[in-house]
Amino acid sequence: MKLSNLLFNSLKESPKEAKIISHQLMLRSSMIRQHTSGIYTWLPLGFKVLKNIENIIRNNQDEIGCNEMLMSTIQSSELWKKSGRYADYGKEMLRITDRHDNDLLYGPTNEEVITDLFSDYVNSYKGLPKYLYHIQWKFRDEIRPRFGVMRGREFLMKDAYSFDLTEEAAFDTYKKFFRSYLKTFLDLGLQPIPVKAATGAIGGDLSHEFQILANTGESELAYDSKLVDSNLYEKSYEEITAMYSASDEMIDKSKSDVIIGRGIEVGHIFNFGTKYTKPLECFVLNKDGKRITPYMGSYGIGVSRLTAAIIEAFHDDKGIKWPINISPFRINIIIHSNSDFIADVESIYHQLITKYDNVCLDDRDLSIGRKIKDSELIGIPWTLIIGNNFKEKGQIELISRSNSDKIFLSKQEIENFEFEQYTP
RNA sequence: CGGGGAGUAGCUCAGUCUGGUAGAGUGUCUGCUUUGGGAGCAGAAAGUCGCAGGUUCGAAUCCUGUCUCCCCGACCA
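Shown next, in the form of structure tokens:
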């Protein structure tokens, strides 16, 4: 993409409402724009990032046999009245009345809808287990939205739901999702800390939060140092949960030898048995033709919150430092606005876009210095400068955003350069 | 919901106390000169001063009401 086509204005100063670094950088780099309290428009750059994160999550869900689908944002209140949560959810739920005076709501989560759906489509034990998920916008009318998309009212969430025949099978499923979540966050370049958690409005007796360490995080954490050092995906569920970790009110104050820190909750998984299947009268027939109530779990990842969490983890005083598979662009080519060698630039640009699908060319009518600053602010992993060095020595300068390394390459060398292998 | 703060140009803010034609920086536009770390010069456009009433010859400024946003707290998959 040519940057002259992009809806993008970098800001030198941070809008005053932004208090934390991720919010400031998202506003300064034209990723989002606040529409009203806790509700944001995702601008082209932010939307690209959001989709990249979404895809990494999607790939991991598909890998464990999860079915992607899409449930509506607006729900009927009927199922919620049946499950008993219509009253429980309180003011956090945005309630809507339609022209026929029916009670509707903007979905804050989907246990009721999915249980009802499952109930209609699966009637036999042969249909179990089933894993279903969607990536959809939710609305929770938070008392106090803050920190940009970190705690918005409208937010994008991946939520998965599992149905199993027995309690044991449901626990195996829970462990499967647990491990899948570790891999998902590692794929996103993050070190997740799984912590035992309270189950809140979702219910059940087994639950883990996945936290990303950050000083600006809203949860207090206490955890075993081994949880940070090790590659958790190589360990079993039992090995990991044997290590101490807890958040907020679950923290055992008498515990020593633990690290106290702060984290951002980016995922939460629940195993809650028949909490919804029972009141919603969901059942399947077993081999003997007897009615069995399926055991459920639900598994959430805050997709829009992750964009902010990743920035909290990857930034410096110049701007964002995107991991390569999340960055809106992989490579940014910077040229003089009245470049003498447009033909060379075009040929390099086309070579690269056939090899990598997200390369951009900064063809805007701005000084080189400004373009470098913007590239750093946006956080593009590789910046290619085709300028004076190219004119004088035929050299293209390649700058790594992660460590500021500079490599000089000829046009020929750029075309054969394996960016993948130099991923920081 | 309790406590605090703020709404003036796209962004950051001054002006409000003490009423008298709407300001700066930055960004934007035009032209020229430029181009290796947010370039220089010259010129220009840009705001019903959140909204509604009131006081006054005259209101961004004073009074009343109202809306919105932000911060602290309580709350939170």
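Just so we're on the same page, our numbering is the position in the first sequence counted from 1, plus 1. Note that the Cβ used here is the ideal one computed from N, Cα and C, for glycine as well. The structure presented is a predicted model; accordingly, all values stated were derived computationally and were not measured.
**Q.** Beta-bridge partners of lysine 3, as assigned by DSSP
**A.** Leu362
Q: Tell me whether the beta-carbon of leucine 303 lies closer than 7 Å to the beta-carbon of phenylalanine 271.
A: The displayed chain sequence assigns glycine, not leucine, to residue 303. Cβ distance not < 7 Å, so glycine 303 and phenylalanine 271 don't count as in contact.
Q: Would you check if the distance between the CB atom of isoleucine 381 and the CB atom of asparagine 326 is smaller than 7 Å?
A: no
**Q.** Endpoints, beta strand (DSSP E) assigned at asparagine 333
**A.** 332–336
Q) What does a CB cutoff of less than 7 Å around leucine 187 pick up in its chain, not counting 5 residues either side in sequence? A) Tyr234
(Q) My assumption, with CB atoms under 8 Å, is that isoleucine 312 sits in contact with serine 23. Please give the rounded CB distance. (A) 4 Å
Q. Going by C-alpha distance, which of Gly85, Tyr162, Ile369 is nearest threonine 116?
A. Tyr162
Q) Which ranges does the beta strand (DSSP E) cover as unbroken runs of at least 3 residues, wholly within the region 19–69, from first to last along the chain? A) 33–37, 40–43
Q: Taking serine 305 and leucine 157 to be in contact with their CB atoms under 8 Å, please state how far apart those CB atoms are, rounded to whole angstroms.
A: 4 Å
(Q) Which same chain residues end up closer than 6 Å to proline 329 when comparing Cβ atoms and leaving out the 5 residues on each side of it in sequence? (A) Leu46, Lys49, Val50
Q: In angstroms with no decimal places, state the Cα-to-Cα distance between isoleucine 336 and threonine 98.
A: 55 Å
Q) What's the C-alpha gap between alanine 19 and glycine 320? A) 15 Å
Q) If you draw a straight line from the alpha carbon of phenylalanine 164 to that of leucine 399, how long is it in whole angstroms? A) 51 Å
Q: Within 10 angstroms of the Cβ of arginine 141, are there 16 or more other Cβ atoms? Answer buried if so, exposed if not.
A: buried
Q) From what residue to what residue does the beta strand (DSSP E) around histidine 135 run? A) 131–140
Q.
Just to confirm my understanding: we take arginine 263, look at its own chain, exclude 5 residues before and 5 after, and list those with CB closer than 8 Å. What are they?
A. Leu214, Ala215, Asn216, Thr217, Gly218, Glu219, Ser220, Glu221, Leu222
Q) Between the beta-carbon of serine 181 and the beta-carbon of asparagine 61, is there less than 7 Å? A) yes
**Q.** For threonine 278, the first and last residue of its enclosing alpha helix (DSSP H)
**A.** Unbroken run through threonine 278: none, as it is neither H nor E.
Q. Rounded to whole angstroms, how far is the Cβ of lysine 13 from the Cβ of aspartate 364, which I believe are closer than 8 Å?
A. Wrong, their Cβ atoms sit about 22 Å apart, outside the cutoff.
Q.
Would isoleucine 1 and isoleucine 343 qualify as a contact pair, given that the criterion is a beta-carbon distance under 7 Å?
A. For the chain, the structure presents residues 2 to 425; residue 1 sits outside this window and is missing.
**Q.** Contact belief for isoleucine 373 with valine 346 at Cβ below 8 Å, rounded distance in angstroms
**A.** So it is not a contact: roughly 16 Å between Cβ atoms.
Q) Between which two residues does the alpha helix (DSSP H) harbouring isoleucine 408 extend? A) Unbroken run through isoleucine 408 is the beta strand (DSSP E), 407–410; no alpha helix (DSSP H).
Q | Distance between threonine 278 and leucine 129 (C-alpha atoms, nearest Å) | A | 14 Å
(Q) With a threshold of 6 Å on Cβ separation, who are the neighbours of leucine 189 within its own chain once the five nearest residues in sequence on each side are excluded? (A) Ile57
Q) Considering arginine 86, what are the terminal residues of the alpha helix (DSSP H) in which it resides? A) 86–89
Q) What residue range is occupied by the uninterrupted beta strand (DSSP E) comprising histidine 159? A) The identity of residue 159 in the sequence shown is lysine, whereas the question assumes histidine. Taken as a continuous stretch (DSSP letters only), the beta strand (DSSP E) holding lysine 159 covers 155–165.
**Q.** Cβ-based burial, proline 193 [other Cβ within 10 Å; buried from 16]
**A.** buried
Q. Hey, phenylalanine 211 and arginine 331 are a contact pair by Cβ (cut 8 Å); roughly how many whole angstroms apart?
A. Not really, about 27 Å apart at Cβ, beyond 8 Å.
Q | Nearest neighbour of asparagine 6, chosen from Phe418, Asp366, Ala309 [CA to CA] | A | Asp366
**Q.** C-alpha gap between serine 73 and glutamate 155, whole angstroms
**A.** 14 Å
Q.
Within 10 Å of its beta-carbon, does lysine 177 have 16 or more other beta-carbons around it, so buried, or fewer, so exposed?
A. buried
Q. Of the choices Arg402, Lys392, Arg292, whose alpha-carbon is the least far from that of serine 411?
A. Lys392
Q: Starting from the C-beta of isoleucine 261, find all residues in its chain whose C-beta is less than 6 Å away, skip the five residues before and the five after it, and write them out in chain order.
A: Ala223
Q: Assign alanine 243 to buried or exposed, taking buried as 16 or more other Cβ atoms, counted over all protein chains shown, within 10 Å of its Cβ.
A: exposed
Q. Under a Cβ-count criterion, where at least 16 other Cβ atoms within 10 Å of its own Cβ denotes burial, should proline 16 be classed as buried or exposed?
A. exposed
Q. Hey, tyrosine 107 and leucine 95: beta-carbon distance below 7 Å or not?
A. yes
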